[in-house]
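What follows is a single structure, written as structure tokens, with notes after it.
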Amino acid sequence: MTSVKELLMNGSSFLLLLKQYAIDIADVRIKDEQVLNDQFLQHPEQHQESVWIEGKTKDGVISFFGTLHYNLLEKLAVFEMQGLERTPTSELN
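Take 805 as the starting number for the sequence shown in the numbering used here and just add one per residue.
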């Protein structure tokens, strides 16, 4: 089964977003990813869900908020960012 995260990582625009904020793919976490994957299977055709994606950087954590548009049948996923929040490393401890 293809996961939401796998589909996002196949998109060049999402990878460019990660690169812009110096986030490594291995340091990306989608909040409630299992819930999204369950939704994904229930609605394999065009669908959208609100998502919260966290990426760790050397300076802290960046939280991206937005809408994930996907189509499992076409194996496509697009993240439409609506906002972000930075949490410096000093605030994480």
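Glycine included, every Cβ here is placed at the ideal spot set by N, Cα and C.
Quiz item: In whole angstroms, what separates the C-alpha of Gly-815 from that of Lys-879?
Solution: 10 angstroms
Exercise. From the DSSP output, read off the bridge partner residues of Gly-859.
Key: Val-832 and Ile-866
Quiz item: Can you name the start and end residues of the beta strand (DSSP E) that Leu-888 belongs to?
Solution: 880-892
Quiz item: Looking only at DSSP bridge pairs, what is Asn-875 linked to?
Solution: Leu-880
Self-check item: Asn-875 versus Gly-887 - alpha carbon distance
Solution: 23 angstroms
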